[in-house]
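Quick mapping for you: the protein sequence lines, in order, are chains A and B.
Taking the working numbering, the leading residue of the first sequence gets 375, the next gets one more, and so forth.
Taking the working numbering, the leading residue of the second sequence gets 375, the next gets one more, and so forth.
All C-beta atoms, glycine included, are put in the ideal place defined by N, C-alpha and C.
Keep in mind the model is a prediction, meaning the values are calculated, not measured.
Please read the structure below before turning to the comments.
2 protein chains.
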Amino acid sequence: MSALEQALAYAGENHEPALADLKSLLRIPSVSTLAEHDADMAAAAQWLASRLTDLSFENVAVMPTARHPVVYGDWLHASADAPTVLFYGHYDVQPADPLEEWATPPFEPTVRGENIYARGASDMKGQVVAFLRAVEAMVRGGGLPLNLKFMIEGEEEIGSPSLADFIREHKELLACDLCLNADSGILDADLPAITYALRGLAYFEIRLQGPKGDLHSGRFGGVVDNPAQVLCELIAGMRDAQGRVQLPGFYDRVRPLSDEERADYARLPTDDAWWLEQTGAPALFGEGGYSASERASARPTLDVNGLLSGFTGKGSKTVLPARAMAKVSMRLVPDQDPDEIHQSLLRYLEQHAPPTVTWEVESMAGAPPAIVERDSPAVQAASRALEEVWGKTPLFTREGGTIPVVGLIQQLLGVDSLLLGFGLPDDNLHAPNEKLHLPTYYRGIETYIRFAHALGAR
Amino acid sequence: MSALEQALAYAGENHEPALADLKSLLRIPSVSTLAEHDADMAAAAQWLASRLTDLSFENVAVMPTARHPVVYGDWLHASADAPTVLFYGHYDVQPADPLEEWATPPFEPTVRGENIYARGASDMKGQVVAFLRAVEAMVRGGGLPLNLKFMIEGEEEIGSPSLADFIREHKELLACDLCLNADSGILDADLPAITYALRGLAYFEIRLQGPKGDLHSGRFGGVVDNPAQVLCELIAGMRDAQGRVQLPGFYDRVRPLSDEERADYARLPTDDAWWLEQTGAPALFGEGGYSASERASARPTLDVNGLLSGFTGKGSKTVLPARAMAKVSMRLVPDQDPDEIHQSLLRYLEQHAPPTVTWEVESMAGAPPAIVERDSPAVQAASRALEEVWGKTPLFTREGGTIPVVGLIQQLLGVDSLLLGFGLPDDNLHAPNEKLHLPTYYRGIETYIRFAHALGAR
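Below, the structure is given as C-alpha cells:
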C-alpha cells in the first residue's frame, strides 16, 4: 500500500475515534468573549497541544497573547522539495445563548440522525478536529507528505485582536509556502467546493457638524444648513441607481471576471429566486450585466451600515441637529486596496461636502481582498482531492464576506490562504442548535489526506 | 380726564402693586409636567380666578380638563358695536432644573437691577399679570372699552394636549372677534414690535423596509438594496442646493412678500453676522434672493429632524440594515396647508421610492401657518399703542416658529390671533435664571391699555 492508501485506510477504519475526539473537544465550553470561561479556554488550548504532541509534532506550545493563547506546533521533516503548509484554525466559540432554544445542551454534544449538535461543531472545532484526524491518519499510516505548522488561535470570535501582533512577533516560526484556512464551508453536502477568493473591507465612520449646538428648526430653519440633510446628499452621491460606486477611481483596480470564472458562477445553484428567498427583500438590486451571485462576491459594493442624527425617539421634536453620523463600508474585490479606497473617500468628501458643515472620517476596519490563483498548485491539489472524494468536479466559489486573517497572513507572511473547510449553510453558525453533518465530516478528513498528498507529491 | 387717561394714571401710580401681584403669582411653582406640583397648578388657577372675580368678571370658573384646568371669565358689557377680544395665556411653567445654576431660587422672585428673576417671569406669568394689571387700571379708571374673555390654560409647556377638546366643547362661550395672544415678545427693550405672522408645521416620520431582517453586508451587499442608502437618496432629492423644497407643488400656495414687508425686514437688526453668531455655523445657507431673516420666518423650509438606521454604537458592525427611519418636517408659510403638504410628500415618495423597499409615512404633528392682515383694526390698534408708549414706530415681524394654539383658534373659532407680549430675547426662557425686564413690563401694561382703547374706540 502506498502512504496515501495507508492513511485513507486508517481514516476509514477510525470513524468512531474521530467522533469521540470531536465530542471531547466540543465538551469544553471555550467561549472567548466571557471571562468566566477563561479556564475552559486554557483547557481547550491544552487539549490541542496534547494532540499535537501525541502526533510527534515539535515545538508544541500554548503561547500567551494579551488575551487567549495561540496553540503552535510543527513537523518539518518532509523531503527537501516538499512545501510547508501553515494550518490556521481557532478553538474559541460563540456564546451559546439563548440557551432555552437549544434542543440539547450546547456543550453536551449529541448525535441526532446524521448530525452532531453542539456549540462550535461547525464553527470550527469540527474542521480543526477533521484536519487533526487527517494528520493522525497520515502519521500513523505512512508519514506526512509535507511540512506542517499549526497556528490555532483563541480569539477569532472576538475579532482576533492579538493575532496581528502574534504573527509579527513570530514571523520566522510561521514562515511557510501556503496557509490552509479551514474556517470555511461548502454549499451543499453533495457539492464539493473550493473558496478561492474573498472580498475585502473598508469601513468608515463619517461625522458631520453644522451649527455649534442643536437649534430650533422654527427659529433657524432656512438660515442654517442641516447636517443630516447634507449627510444624506453626500451618501446619495456615493452610488448610482444600479449601486455602482461613484467614489473617484473606485473601479480602477477591480479585476474583471474571466470567462472561466463566469462559467463556474453559472453552475451555482443560487439563482435570483434563491437570493429573494434568503433575504425576503421586495426585489433584488445591483449592477446590470452581473448575476446576483457574481454581484454578491466578485463585485465591489458600498453599504450604509448605520445612520444617526437628531431626535430618534417616539413623537416629534423640531430640532435642527448639530451633528450627523453615518457608518459606511465598502466590500472590496481583487486588486482593490483599503488604503486607496480610504483616500478615494476623502477626495470625494473634499470635492462634495459644502462649506456649511465640517466633517471628519474615521477608518474603523480594513482588510484587503484575497484571491488564490486558480492554476496554483494548492488549488489544483484541493480540486483533485475533492473530485476524488465526492466523485464530481468541485465548484470554484468566491465569498462575499471578509476573513481578516487571510489578509493579515498575506500582508505579514506574504502567502496566500486556501480556504478548505466543510461547514454547510444550514449549520446554524452563531445560533442555537449549531450542528455538523457527520458524513461530510468524514469526507472532509479524507479530503485533507488526499489534498496533502496531492500537494506534497507535485 | 378721559377713560383712557384715568386708566393710564391708575397704572402709572400703581407700579408697586403691579410688582407685588407678579411676585405673588411667581411664588406658586406651577410646573405642569410634574405630578408633585398638581396642587400648585390648582393654586395658580385659583389665584387667577380670584383676580378675575375681584375685577368684576362674570362666569369666572376653573374649568377641568383631562389634566390641568383652564381659567375662564368674561365681561361683556361694552357698547353694542365694541369688539369681543379673547385673551389667551397660560399659567404653567417649565421645570426649574438644573437648580444649582440659579443665582436665586426659581420660585422666590428676586429683583436685581432692572430685572425680576423667577421661573415663569417672562414665559409667561409676567405677560399674563401685565394684562390683568391693564384690565384692573381700566376697570378702576373709567371702564373697559371692549368685551373681554379670558382663556388661561395650564398645559402649554406640555404641548396643550387638552386645549383642542376644550375649545371644541366651549365654542359658544369662547366666541369672539379676535384672540389676543400674549405669549410673545419683542426684539429689544427699545424696539417695540408686533408679530403678525407665524410659520406652520408639517412633521412626518418616514420608515423604509428592505429585506425582512438585518443582513450581513458581506454575504448580501450588491444583491439587496440598502434601505438606509435609499432613505438618503429620497431625502437628498427633497431639496436643491439652495434648500428649495422639491416636493411637487410645494410652493404653489406660498404668499409672496410684499414690498412693505421687505422694507420692514430691512429695518431688523438681525444681519448675517448676527445669525452666524447665534448659530455658530461655519456658513449660512438658503434660498438666493432672500435675506437670512426673511428665510427664517417668511419662507418655507424642509429639515431632517432625526435619522436612524442599522448599527450606531461604537466600532464597526457590517450590517446591511433591514430598516431606516427619518423624521422630516416642513415649516410652512401662509397660505400653505399641512394636509396638502402631507399629500405632496406622499406623491413624492410614490414617484421616487424604488421597488426594492417598502415605505410608510406617519404624520406626527401639523399646524397651519398664521397671519394677521397688516391693515386690520387689531394690528393698527397695536401699532398705535406701541408707538405712543415707545415713541417710535413698531417693527412688524414674522416668527419662524409655530404656536399651535394660534392655528387651533383659527380653525375652531375662526378668528385671527394678534401676538402682543413683551418678553425679550435674553429672558432665559426654559433655562436657569429666567427673568423679566421690569421697565418693559410697565410699558407692556400701558401698551395693553392703549391697545384696548384704540381697538374699542374705532
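Same chain, Cβ closer than 8 Å to residue i, neighbours up to 5 away in sequence not counted
i         : result
Glu734(A) : Ile580, Arg581
Pro483(B) : Leu396, Lys397, Leu400, Arg401, Ile490, Tyr491, Ala492, Ala495
Ala377(A) : Met512, Gly515, Gly516, Gly517, Pro519, His827
Gln583(A) : Pro601, Ala696, Arg697, Val731, Thr732, Trp733
Ala640(A) : Ser665
Arg824(B) : Leu378, Leu382, Arg758, Ala759, Glu762, Val763
Alpha carbon of residue i to alpha carbon of residue j, nearest angstrom
i         : j         : result
Pro708(B) : Leu422(B) : 35 Å
Ala788(A) : Asp557(A) : Note on identity: in this sequence residue 788(A) is Gly, with Ala being the wrong assignment. Approximately 20 Å, taken between the alpha carbons.
Pro443(A) : Ser536(A) : 9 Å
His389(A) : Asp646(A) : 39 Å
Ser791(B) : Tyr822(B) : 15 Å
Asp448(B) : Ala696(B) : 57 Å
Leu565(A) : Ile532(A) : 31 Å
Pro729(B) : Gly611(A) : 19 Å
His726(B) : Ser534(B) : 36 Å
Gln501(A) : Thr686(A) : 44 Å
Ala637(B) : Phe770(B) : 10 Å
Gln785(B) : Asp711(B) : 12 Å
Leu782(B) : Ala805(B) : 27 Å
Pro519(A) : Arg748(A) : 22 Å
Ala567(A) : Phe481(A) : 29 Å
Leu473(A) : Ala413(A) : 21 Å
Integer-rounded CB distance, given that residue j should sit under 8 Å from residue i
i         : j         : result
Leu575(B) : Lys499(B) : Actually they do not touch by this definition, with Cβ atoms about 26 Å apart.
Asn555(B) : Tyr462(B) : 5 Å
Ser683(B) : Ala739(A) : Actually they do not touch by this definition, with Cβ atoms about 19 Å apart.
Ala700(B) : Gly680(B) : 7 Å
Glu761(B) : Leu382(B) : No, Glu761(B) and Leu382(B) are not in contact; Cβ-Cβ is about 15 Å, not under 8 Å.
Leu829(B) : Pro479(B) : Their Cβ separation, rounded to whole angstroms, is 39 Å, which puts Leu829(B) and Pro479(B) out of contact at 8 Å.
Residues that residue i bridges to, as DSSP identifies them
i         : result
Glu579(B) : Lys701(B), Glu736(B)
Asp448(A) : Glu432(A), Lys523(A)
Thr767(B) : DSSP, once it has assigned bridges, lists no residue as partnering Thr767(B).
Asn555(A) : Tyr462(A), Leu793(A)
Ile490(A) : Val485(A), Leu810(A)
Val503(B) : According to DSSP, Val503(B) bridges with nothing at all.
Arg613(A) : Val619(A)
Gly574(A) : Leu706(A)
Ile568(A) : Phe770(A)
Met437(B) : Val444(B)
His590(B) : Val693(B)
Candidates the options: closest to residue i by CA position
i         : options                                    : result
Val628(A) : Pro743(A), Arg721(A), Tyr822(A), Met512(A) : Pro743(A)
Pro674(B) : Tyr384(B), Gly595(B), Gly660(B)            : Gly660(B)
Ala741(B) : Thr767(B), Ala538(B), Leu803(B), Leu621(B) : Ala538(B)
Leu676(B) : Leu650(B), Ser424(B), Gly617(B)            : Gly617(B)
Gln468(B) : Leu460(B), Ala492(B), Ala381(B)            : Ala492(B)
Val503(A) : Arg758(A), Ala394(A), Val619(A), Leu658(A) : Ala394(A)
Ser665(A) : Gly559(B), Leu720(B), Val598(B), Ser718(B) : Val598(B)
Arg613(A) : Arg486(A), Ser430(A), Phe624(A)            : Phe624(A)
Val779(A) : His464(A), Ala385(A), Ser430(A)            : His464(A)
Leu572(B) : Gly775(B), Ala831(B), Gln784(B)            : Gly775(B)
Glu736(B) : Gly830(B), Thr644(B), Ile715(B)            : Ile715(B)
Val436(B) : Leu429(B), Asp428(B), Ser424(B), Ser430(B) : Ser424(B)
Ile745(B) : Ala755(B), Tyr570(B), Leu719(B)            : Tyr570(B)
Leu426(B) : Val509(B), Ala477(B), Ile568(B), Leu473(B) : Val509(B)
Glu432(A) : Phe505(A), Ala385(A), Asn521(A)            : Asn521(A)
Pro622(B) : Pro585(B), Leu793(B), Cys550(B), Ser718(B) : Ser718(B)
Ser404(B) : Glu379(B), Ala418(B), Ala615(B)            : Ala418(B)
Leu506(B) : Ala385(B), Asp551(B), Thr814(B), Val678(B) : Ala385(B)
Pro391(A) : Arg824(A), Phe825(A), Tyr815(A)            : Tyr815(A)
Cβ-based neighbour list, residue i, same chain, cut-off 7 Å, excluding 5 preceding and 5 following
i         : result
Leu631(B) : Glu668, Ala672
His811(B) : Glu488, Asn489, Ala563, Leu798
Gly595(B) : Leu694
Leu548(A) : Leu460, Lys523, Met525, Ile541, Leu787
Lys809(B) : Asn489, Ile490, Tyr491, Ala495, Ser496, Asp801, Asn802
Thr407(B) : Pro469, Glu531, Ile532
Trp649(A) : Leu658, Ala666
Heavy atom of the ligand ZN within 7 Å of residue i beta-carbon
i         : result
Ile560(A) : Ligands displayed in this structure: none; no statement on the ligand ZN is therefore possible.
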